[in-house]
Amino acid sequence: MASYDVIILGGGPAGYVCAIRCAQLGLSTAIIEREALGGTCVLWGCIPAKALLESAALANKIRHANDFGITVGDVSFHYGTAMKRSRAVSTQNSKGVEFLMKKNKVTYLKGTAKLAGPKSVTLTGADGKSERHEAKKAIVVATGSRVRGLPQIGLALDKKVVLSSDEVLVLEQAPKTMAVIGAGAVGCEFADVFNAFGTKVTLIEVLPQILPLEDADCSAEVAKSFKKRGMDVLTSAKISDVKVGADGATMSVEVNGAKQQLAVEKVLVAAGRAPNVEEVGLKELNVQLTERGFVKIDDRFETSVKGVYAIGDVAGNQMLAHKGSREGHVLAELLAGAHTHPVNYKNIPSCTYCHPEVASIGLTEAQCKEQKLDYKIGKFPFSANGRARTAGETDGFVKIIRDAKYGEILGAHIVGAHATEMIHELAVARENEFTVEEIDLAVHAHPTLSEAVAEAALDSLGKMIHA
């Protein structure tokens, strides 16, 4: 039995960041992970998926090489090779997290953890042997989330035909046809990847727009781009009569009363994630869950059991790696008694890395209308931006929603190349309560894509220059 100030269950972005910050603040810390450090983000989510998206972007760029004065010979695209590169990148990142544990003197315990009490954890190793560890100050549950199928409509994950985002990451080759069920960030990103590698993709969403959490203008722009690239994009769609065989699946898809039959080699279910709350010992310890099944926490991340905390996907709110990391950072400072700032859940950037990329922060226009806010819109297209033209990446726009009276930035939405990098100017602006006038006062270098942010701010004031 070993004793630590803090024991963290789960080595993902929430858990490992919390561990590092705890150690930096002088708390003896152990982190328990049953797979490898980095969690879903590093192993089965953000990192390998983005590596594949880089391959997809390069494939699409090569298709237009002649436009840039470059003639290429016979070109072939191999998903299996791209997949192996993505796994290598993932492994490299995981080993990087392991290095950070050693650097910061965090004890890394490999195995499966279960709460044995409000201050103790049972660790079971791969050899089946168990040992108990004590936490003098806190146990932090950061067990993350997992993919889920749609068994209610006949799409249980068989991992051969009906796949989750985990299985598609290790396919040896791109299928000829694929239905992607769910057009949120994960669905749109994989639709982009497989389209680039030659798969005939049908993207299916039950709600009226793809990327349903994004501003409607952004969703429409991405849908237009996807259709232009040959994808079938079906929204307000109902699936029925699903039949899964050894070599593919068939289903009926109804859109606005019209039914069509769809036959595909593979089905990717990208319709949500479930928190990992089972087999952690939460029930036995009477840790309360929310109505949606997440661990219930207070404003200091503490659960209904004193001394047991929860952060990351398992604790709800936005299920995003960077949100979990911020929670881990703040919780560590709370546990150490250091000065900290609470997590601002209203200012967490949302990013989708398909092409064109989508990034947003704050309210959508629909949410402004629902809240009956008095607002103005500023919008600038990348087709009028010099840097976008030089790169041949003119799809999309920057859209800023401001308070009509005071100029406060209520929401900002970007569709286009490098949108996920550009959003942070607006994240900083909102966090510091800058107005659109103050965005305009900051001189933006020319030629850059970021000039579109300044122009959108100007447009919201009725004085746009370049369009």
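Sequential numbering from 385 applies to the sequence shown in the working numbering. All C-beta atoms in this analysis are idealised placements derived from N, C-alpha and C, irrespective of residue type, glycine included.
Exposure of residue i, with buried meaning 16 or more beta-carbon neighbours within 10 Å
i      : result
Thr674 : exposed
Asn640 : exposed
His725 : exposed
Ile404 : buried
Gly614 : exposed
Ile849 : exposed
Ser620 : exposed
Val456 : exposed
Ser460 : exposed
Glu551 : buried
Ala472 : exposed
Which of helix, strand or coil DSSP assigns to residue i
i      : result
Ser460 : coil
Lys503 : coil
Phe685 : coil
Val637 : strand
Glu551 : helix
Pro765 : strand
Leu427 : helix
Leu757 : coil
Val862 : Limits of the chain in this structure are 385 at one end and 851 at the other, which puts residue 862 out of reach.
Val827 : coil
Pairwise C-alpha distance: residue j and residue i
i      : j      : result
Ile807 : Glu668 : 43 Å
Glu777 : Asn477 : 30 Å
Gln340 : Glu598 : For residue 340 there is no data in the structure shown, the boundaries of the chain being 385 and 851.
Glu419 : Thr774 : 44 Å
Arg516 : Thr506 : 5 Å
Gly566 : Tyr388 : 43 Å
Asn816 : Glu809 : 11 Å
Lys487 : Leu393 : 20 Å
Arg469 : Ser548 : 20 Å
Lys650 : Asp631 : 8 Å
Ala497 : Ala813 : 41 Å
Lys627 : Leu436 : 29 Å
Ile695 : Pro596 : 25 Å
His797 : His723 : 32 Å
Extent of the continuous alpha helix (DSSP H) run through residue i
i      : result
Val812 : Ala803 to Glu815
Pro432 : Cys430 to Arg447
Ala716 : Ala705 to Ala720
Glu839 : Glu835 to Ser844
Phe578 : Ala569 to Ala580
Enclosing beta strand (DSSP E) for residue i [first to last residue]
i      : result
His517 : Ser514 to Val525
Cys735 : Ser734 to Thr736
Tyr729 : That residue, Tyr729, is in no beta strand (DSSP E); it is neither H nor E in DSSP.
Tyr388 : Ala386 to Leu393
Glu777 : Note, Glu777: premise wrong, no beta strand (DSSP E); not H, not E.
Ala407 : No beta strand (DSSP E) holds Ala407; the alpha helix (DSSP H) holding it covers Pro397 to Gln408.
### Task
Can you check the stretch 587 to 663 for any beta strand (DSSP E) of at least 3 residues that lies completely inside it and give the ranges in chain order?
616 to 618, 621 to 628, 633 to 639, 642 to 648, 650 to 653 and 657 to 659
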